[in-house]
Amino acid sequence: MLPLPSIYRGIWRAAVHSLRTRGTPPSRLLSTCDGDPAGLADADTIFALSSGHGRCGVAVVRVSGPASATALRCMAGLTHSLPPPRTALLRSITDPRSKEVLDRGLVLWFPGPHSFSGEDSVEFHIHGGPAVITAVLQALGSVPGMRPAEAGEFTRRAFQSDKLGLTEVEGLGDLIHAETEAQRRQALRQMSGELGRLYQDWSHRLKRSLAHVEAFIDFSEDELIEDGVLNQVDGSVCDLQAEMERHLKDERRGERLRSGVQVVIAGATNAGKSSLLNALCQRPAAIVSPIAGTTRDVVETALDIGGFPVLLSDTAGLRDSPDLVEREGVRRARERVEQADLTLVVVDCAGLPSEHQQVAGFLQEHLRSVLASEEQPGTDRCLLVLNKTDLLPEKQRQKLDMELRGVSGLPPVCLISCQTNEGLKGFLTVLYTKVKTLCGDPLSGAPTLTQARHRTHLQQCVAALYQYQRYRDNDLALAAEGVRLALTSLGRITGRVGAEEILDIIFKDFCIGK
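As structure tokens, then:
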């Protein structure tokens, strides 16, 4: 039997004592597979399928914890030395109980702390058939000291081992769930630690300011503190407050990119809203009929517009109706318009005034009706979509297009036909520009806020710094408490101060095996 590593001796002694008190012979600890020590039976070693579920060419099963080496020896038939670190070795994967060959694949050994989790880790690269995966997982479960991992547990261990900061963990989670190119770029940037380094710098400056204030409180009467210390703190707090407020004034671009831009199609009945939804998602997602009021509820679909995520919603036609169900649909439609990042106001060209000089005024009034605004509606959060242009003569269509270009008080106007797809390409270009403006470029400028909890804690941090300024001249102890509260709020973002209550919320969104 190989000598037990020193880090396991305490576990070994505890296991022996535990089994003795239960009347279990200590000899049961002496063998798990081919003479390997079973002294890790009570150690917390986890395993899980880390690749996607379902049939695939290769599946990756990950193991992390102090019993990883035992699992590798048991499963890969290694009686003596372990393979070189981070080197793939082709081996037969066997069941440690029956010695049956389960598969033939690659094994990799990652000794801690040079692994993803910071612990001893093993990866089994096996064939991705369901039967093979099930057999390997069951075999791992038979090794003493091993248990299936919980959701996000590998990443949680990486955080607890200081391999990843909390903002990097959230970036990794976003990267796993990224569905568009822009989401991938933003998540990768956050996972690289750029946002975490910004917050750590603020945290370091706050700690320095707090130390100076507390030193002034404790030692100023003994004349051990040089003049101007509080003035330095004042300047640092003022600078930090300004930087945080600028950081908060990002118009939620990062959060919007992470969760998707809320785009709502709204307008009167039979304007072609459902037809536009179907044209954009290129499938019959909504029922289309010539009967007014066909759409009663909100129909949602997710789109990728030039790499940016969009959640597109078709809504009920806005009109007064005696029908209770339709009235509820109209209420929901107006609610969605209020929540929308961008509203596509669809208008039937056939309903426009025959006098062209009246069209702009008609559209402005229609916008106020759809957006429920008594004042001039803003043009930055909506697009006017004039549909059914195929029903207009060519000359009338061209004249309408020319007259509506650059009209003050109107958002961008797009003339399209969902029947013939005419104008859809130009409309998509305008839509892409709007969505990109709402999300911003994830690779340019300072890193942006991506989580609602970041915003909440930063707002609390700024409010605490205001407390410092409010009490600075009257009660320095209360002023110091403001800096301390700011530091605590910032620490809840980075995970270094009082973060335990938020860890479960963050890690539960991870898949098993990550």
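Last residue of the sequence shown: 514 in full-length UniProt numbering, with the numbers rising by one and none dropped.
We put the beta carbon where it would ideally sit given N, CA and C, even for glycine.
{"Query": "What is the DSSP secondary structure of Gly495, reduced to helix, strand or coil?", "Result": "coil"}
{"Query": "Compare the C-alpha of Asn270 against each of Leu415, Asn231 and Ala316 and name the closest.", "Result": "Ala316"}
{"Query": "Among the candidates Ser417, Gln364, Leu363 and Asp401, whose CA atom is the shortest distance from the CA of Lys388?", "Result": "Ser417"}
{"Query": "Could you please give me the residues that DSSP links to Asp348 through a beta bridge?", "Result": "Asn387"}
{"Query": "Is the separation between the beta-carbon of Glu300 and that of Leu312 shorter than 8 Å?", "Result": "yes"}
{"Query": "Can you tell me where the beta strand (DSSP E) with Ile265 in it begins and where it stops?", "Result": "Val261 to Gly267"}
{"Query": "Nearest-angstrom Cα distance between Ala211 and Gly235?", "Result": "15 Å"}
{"Query": "For the beta strand (DSSP E) that Cys414 lies in, which residues bound it at each end?", "Result": "Val413 to Leu415"}
{"Query": "For Leu424, which residues from the same chain have a beta carbon less than 7 Å from its beta carbon, with the 5 sequence-adjacent residues on both sides left out?", "Result": "Ala279 and Ile416"}
{"Query": "Excluding five sequence neighbours on each side, which residues of the same chain lie with their C-beta closer than 8 Å to the C-beta of Val435?", "Result": "Val261, Val263, Ile305, Gly306, Phe308, Val310 and Leu342"}
{"Query": "Just the Cα atoms here: how many angstroms apart are Leu140 and Leu78?", "Result": "15 Å"}
{"Query": "Between which residues of its own chain and Glu168 is the CB-CB distance below 6 Å, once the five residues before and five after are set aside?", "Result": "Met191, Gly193 and Gly196"}
{"Query": "From Gln282, Gly128 and Cys439, pick the residue whose C-alpha is nearest to that of Ala302; which is it?", "Result": "Gln282"}
{"Query": "Over what stretch of residues does the alpha helix (DSSP H) that includes Gly105 continue unbroken?", "Result": "From DSSP, Gly105 is part of no alpha helix (DSSP H) but of the beta strand (DSSP E) over Val101 to Phe110."}
{"Query": "For Arg496 and Ile133, I'd like the C-alpha separation in whole angstroms.", "Result": "37 Å"}
{"Query": "Can you tell which of Val370, Ala71 and Asn231 has the C-alpha that lies nearest to the C-alpha of residue 515?", "Result": "In the structure as shown, the chain begins at 1 and stops at 514. Residue 515 is therefore absent and cannot be evaluated."}
{"Query": "If you draw a straight line from the C-alpha of Pro284 to the C-alpha of Lys273, how long is it?", "Result": "12 Å"}
{"Query": "Rounding to the nearest angstrom, what Cα-Cα distance links Arg189 and Ser81 in this structure?", "Result": "39 Å"}
{"Query": "Please list, in chain order, all residues of the same chain as Ile217 whose beta carbon is under 8 Å from its beta carbon, the five residues on each side excluded.", "Result": "Leu476, Ala477 and Ala480"}
{"Query": "Which residues in the same chain have their Cβ closer than 7 Å to the Cβ of Cys439, if we skip the five residues on either side of it in sequence?", "Result": "Ala182, Arg253, Arg256, Leu257, Val261 and Phe308"}
{"Query": "Along the chain, where does the alpha helix (DSSP H) that runs through His366 open and close?", "Result": "Val359 to Val370"}
{"Query": "Give every residue of the same chain whose Cβ lies closer than 8 Å to the Cβ of Val136, excluding the five residues on either side of it in the sequence, and list them in chain order.", "Result": "Val61, Met75, Ile93, Leu102, Asp103, Phe124 and Ile126"}
{"Query": "Helix, strand or coil for Ser51 per DSSP?", "Result": "coil"}
{"Query": "Using the C-alpha atoms, what's the distance from Ile493 back to Thr24?", "Result": "For Thr24, the predicted structure reports a pLDDT of 37, less than 50, and the residue's modelled location is therefore unreliable. A value from the coordinates is still provided. The straight-line gap from Cα to Cα measures roughly 47 Å."}
{"Query": "Taking buried to mean at least 16 other C-beta atoms within 10 Å of its own C-beta, is Ser408 buried or exposed?", "Result": "exposed"}
{"Query": "Quick check on Ser289: buried or exposed, where buried means 16 or more other Cβ atoms within 10 Å of its Cβ?", "Result": "exposed"}
{"Query": "Which one of Thr450, Phe110, Arg97 and Val58 has the shortest CA to CA distance from Gln138?", "Result": "Arg97"}
{"Query": "Assign Tyr466 to buried or exposed, taking buried as 16 or more other Cβ atoms, counted over all protein chains shown, within 10 Å of its Cβ.", "Result": "exposed"}
{"Query": "Taking the alpha-carbon of Leu166 as reference, which of Thr429, Thr450, Tyr471 and Ala464 has the nearest alpha-carbon?", "Result": "Thr450"}
{"Query": "For Leu324, does the count of other Cβ atoms within 10 angstroms reach 16, so buried, or fall short, so exposed?", "Result": "exposed"}
{"Query": "For Cys74, does the three-state DSSP call read helix, strand or coil?", "Result": "helix"}
{"Query": "Are Asp120 and Pro66 close, meaning C-beta to C-beta below 8 Å?", "Result": "yes"}
{"Query": "Short check: CB of Ala360 to CB of Leu410, under 8 Å?", "Result": "yes"}
{"Query": "Given a threshold of 16 other Cβ atoms within 10 Å of its Cβ, counted over all protein chains shown, does Gly35 qualify as buried or as exposed?", "Result": "Its pLDDT being 43, under 50, Gly35 is placed unreliably by the model, and the measurement read from it follows with that caveat. So Gly35 counts as exposed."}
{"Query": "Within the continuous beta strand (DSSP E) that includes Gly57, where are the two ends?", "Result": "Cys56 to Ser64"}
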